Amino acid sequence: VRAVIAGLRPRRLILGGMGLEGLAGWSGRQTFFLDAIDRFETVRMGDPAYFTVQFMKTMKIDRTAARLLLQTMTDTPPAALAALTMPTLVICGDEDNDNGSADRLVQALPGAVRATIPGTHMGSVTGPALGEAIRDFLTGTAAR
């Protein structure tokens with residue numbers, strides 16, 4: 310998104326698992342993830358950061374690299390999204406509200422369509438529906 314705002318012009322764009330609040334309110338997510346990194350060894354079941362820490366452990370995330378990456382990201386002002394004029398697919402699981410409202414993001418983007426696939430934020434990537442929706446969007450065969 311930031312690359313497009315800065316001038317990159319792809320013919321099409323796909324935003325997966327993202328809602329308006331995930332872009333415009335990134336600082337809250339950033340704080341959450343940095344806190345999870347800081348408390349990595351002490352987070353226990355029941356803590357809001359528990360599943361995040363478990364994911365980082367399972368994926369063997371380099372916490373130093375993750376921290377540096379997280380610190381480069383900032384909120385995207387909703388008005389800046391007007392630069393995303395190319396056809397855009399906003400694809401999200403039907404149980405995914407992890408990064409806010411995908412519908413509100415579609416409303417904020419001039420050329421966006423929404424695809425809803427089964428699953429949660431992480432679970433939706435495990436089935437074929439994600440790849441099929443991306444394929445259909447890129448080939449122009451998506452239902453309108």
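Here the working numbering is used: the first residue of the sequence shown is 310, the next is one more, and so on. Built from N, CA and C at the ideal position, the CB exists for glycine as well. Just so you know, these numbers come straight off a predicted model, no measurement behind them.
Give the single residue among the options whose Cα lies nearest to the Cα of residue i.
{"i": "L322", "options": "D347, L398 and A417", "result": "L398"}
{"i": "R423", "options": "V310, L379 and L324", "result": "L324"}
{"i": "G326", "options": "G449, G436, I400 and K366", "result": "I400"}
{"i": "Q380", "options": "P419, L343, T448 and L317", "result": "L343"}
When burial is assigned at 16 or more other CB atoms within 10 Å of the CB, is residue i buried or exposed?
{"i": "L377", "result": "exposed"}
{"i": "A315", "result": "exposed"}
{"i": "F341", "result": "exposed"}
{"i": "F446", "result": "buried"}
{"i": "M368", "result": "exposed"}
Tell me which residues share the same chain as residue i and place their Cβ nearer than 8 Å to its Cβ, disregarding the 5 neighbours each side in the sequence.
{"i": "V313", "result": "P319, L322, A392, L393 and M395"}
{"i": "D384", "result": "L332, A333, G334, W335 and S336"}
{"i": "L439", "result": "G325, I400, I426 and S433"}
With a threshold of 7 Å on Cβ separation, who are the neighbours of residue i within its own chain once the five nearest residues in sequence on each side are excluded?
{"i": "V362", "result": "A345, F349 and V352"}
{"i": "M382", "result": "W335 and Q339"}
{"i": "T472", "result": "What the structure shows of the chain is the stretch from 310 to 453, and residue 472 is not part of that stretch, so it cannot be assessed."}
Tell me which residues share the same chain as residue i and place their Cβ nearer than 6 Å to its Cβ, disregarding the 5 neighbours each side in the sequence.
{"i": "L329", "result": "G409, S410, R413, L414 and A417"}
{"i": "A358", "result": "A345 and V352"}
{"i": "A421", "result": "T397, V399 and V415"}
Using a beta-carbon distance below 8 Å, is residue i in contact with chain B?
{"i": "E404", "result": "Here there is only one protein chain, and chain B is not present."}
On the three-pair Cβ rule with 8 Å, is the stretch 386–403 touching the stretch 360–374? The stretch 386–403 and the stretch 360–374 do not touch, with fewer than 3 CB-CB distances between them shorter than 8 Å.
Is there contact here, the stretch 402–414 with the stretch 428–439, by at least three beta-carbon pairs under 8 Å? yes
Jot down the residue ranges of each uninterrupted beta strand (DSSP E) in the stretch 352–435, minimum 3 residues, whole runs only, in chain order. 397–402 and 421–426
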